Amino acid sequence: EDQVTQSPEALRLQEGESSSLNCSYTVSGLRGLFWYRQDPGKGPEFLFTLYSAGEEKEKERLKATLTKKESFLHITAPKPEDSATYLCAVHSGGSNYKLTFGKGTLLTVNP
Amino acid sequence: DGGITQSPKYLFRKEGQNVTLSCEQNLNHDAMYWYRQDPGQGLRLIYYSQIVNDFQKGDIAEGYSVSREKKESFPLTVTSAQKNPTAFYLCASSTGDANQPQHFGDGTRLSIL
Numbered sequence: 080e081d082q083v084t085q086s087p088e089a090l091r092l093q094e095g096e097s098s099s100l101n102c103s104y105t106v107s108g109l110r111g112l113f114w115y116r117q118d119p120g121k122g123p124e125f126l127f128t129l130y131s132a133g134e135e136k137e138k139e140r141l142k143a144t145l146t147k148k149e150s151f152l153h154i155t156a157p158k159p160e161d162s163a164t165y166l167c168a169v170h171s172g173g174s175n176y177k178l179t180f181g182k183g184t185l186l187t188v189n190p
Numbered sequence: 004d005g006g007i008t009q010s011p012k013y014l015f016r017k018e019g020q021n022v023t024l025s026c027e028q029n030l031n032h033d034a035m036y037w038y039r040q041d042p043g044q045g046l047r048l049i050y051y052s053q054i055v056n057d058f059q060k061g062d063i064a065e066g067y068s069v070s071r072e073k074k075e076s077f078p079l080t081v082t083s084a085q086k087n088p089t090a091f092y093l094c095a096s097s098t099g100d101a102n103q104p105q106h107f108g109d110g111t112r113l114s115i116l
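Residue numbers (my numbering), protein chains in the order written: chain A, 80 to 190; chain B, 4 to 116.
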């Protein structure tokens with residue numbers, strides 16, 4: 080059974096204080112690892128897809144990286160508008176259509 | 004603008020009542036999904052549909068039903084058999100390719116009166 084564990088559960092940063100969120104996974108044949116951002120009362124917004132170890136993707140202050148066991152979402156010089164819950168999900172070779180989600184990391188960036 | 008529209012945003016259910024949540028997409032996606040999100044838990048798959056007139060149960064299908072009569076629409080009915088329906092319900096769609104992301108609507112929050 081695929082498993083995804085995100086840490087920490089919550090992270091509080093000062094504006095400009097860089098940090099990383101972790102997503103550890105156990106799957107049978109990774110087809111893709113997805114990062115989403117979710118604001119309160121809204122649906123998840125797609126950020127990145129990573130397919131193989133060593134791959135990196137960047138968007139503004141966010142950079143996602145992937146190893147064979149985990150993914151990191153690095154946030155450089157965050158701003159208060161980066162505050163949200165960040166979700167990680169994996170798509171394995173065991174099921175064509177099922178995403179397995181982690182519980183998310185709630186990020187709060189104080190001005 | 005292409006996207007996924009869920010309605011209503013808030014819904015209240017009385018005891019013994021069935022309620023239906025609407026999900027419409029104009030992304031021309033073949034696959035559609037319903038998830039349930041509870042506080043402190045990851046999203047859990049209720050039902051999914053790969054093509055019109057076909058759908059499969061997810062991990063927590065008991066007490067729910069769906070239909071897929073049109074490519075654009077995938078309504079979810081929460082039946083009276085679902086004893087703990089209070090949750091945030093999310094609809095998603097994708098091309099159906101396992102390498103492509105699912106895109107989500109903005110959810111319906113269901114509560115019991």
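Glycine included, each C-beta is placed from N, C-alpha and C at the ideal position. This structure is a prediction, so every number in the text was calculated from the model and none was measured.
(1) Spatial neighbours of A/Thr78 within its chain, please: C-beta separation below 6 Å, excluding the five flanking residues on both sides.
(2) Answer yes if the segment 162–170 of chain A comes into contact with the segment 108–125 of chain A, meaning at least three C-beta pairs across the two stretches below 8 Å, and no otherwise.
(3) Does the beta carbon of B/Ala101 sit closer than 7 Å to a beta carbon anywhere in chain A?
(4) Just checking: is the beta-carbon of A/Thr184 within a distance shorter than 7 Å of some beta-carbon in chain B?
(5) Between the segment 10–34 of chain B and chain A, which residues of the former have a C-beta closer than 8 Å to a C-beta of the latter?
(6) Measure from the C-beta of A/Thr155 to each C-beta in chain B and report whether the shortest distance is under 7 Å.
(7) CA-CA distance, B/Glu18 and B/Thr89?
(8) Whose C-beta lies closer than 6 Å to the C-beta of A/Thr128 among residues of the same chain, with five residues either side of it excluded?
(9) Who are the neighbours of A/Pro123 on chain B, taking C-beta pairs under 7 Å?
(10) Alpha carbon to alpha carbon, what distance is there between B/His106 and A/Arg116?
(11) Can you give the Cα-Cα distance for B/Arg71 and B/Phe77, rounded to whole angstroms?
(12) Run the CB neighbour count on B/Leu116, radius 10 Å, all protein chains shown included, and call it buried at 16 or more, exposed below.
A quick look at the data gives this:
(1) There is no way to answer for residue 78 of chain A, as the model of chain A reaches only from 80 to 190.
(2) Segments in contact, yes.
(3) Numbered from its first residue, the second sequence carries residue 101 of chain B at position 98. Chain A, which has a Cβ nearer than 7 Å to the Cβ of B/Ala101, makes this yes.
(4) One-based indexing of the first sequence puts residue 184 of chain A at position 105. Closer than 7 Å: no.
(5) So the list reads Ala34, given in the order they occur along the chain.
(6) Here the question's residue 155 of chain A lines up with position 76 in the first sequence. Cβ-Cβ to chain B under 7 Å: no for A/Thr155.
(7) The count along the second sequence starts at 1 and reaches residue 18 of chain B at position 15. The count along the second sequence starts at 1 and reaches residue 89 of chain B at position 86. The straight-line gap from Cα to Cα measures roughly 12 Å.
(8) Sequence index remark: in the first sequence, residue 128 of chain A carries index 49 (1-based). Excluding residues within five positions, the ones whose Cβ falls inside 6 Å are Gly111, Phe113.
(9) The residue you call residue 123 of chain A lines up with position 44 of the first sequence. Chain B residues near A/Pro123: Phe107.
(10) Numbered from 1 along the first sequence, position 37 holds the residue referred to as residue 116 of chain A. Numbered from 1 along the second sequence, position 103 holds the residue referred to as residue 106 of chain B. Rounded to the nearest angstrom, the two C-alpha atoms are 12 Å apart.
(11) In the second sequence, counting from the first residue as 1, residue 71 of chain B sits at position 68. In the second sequence, counting from the first residue as 1, residue 77 of chain B sits at position 74. Going by the C-alpha atoms only, they are around 5 Å apart.
(12) Locating residue 116 of chain B in the second sequence gives position 113, counting from the first residue. Looking at its Cβ environment, which holds fewer than 16 other Cβ atoms inside 10 Å, B/Leu116 is exposed.
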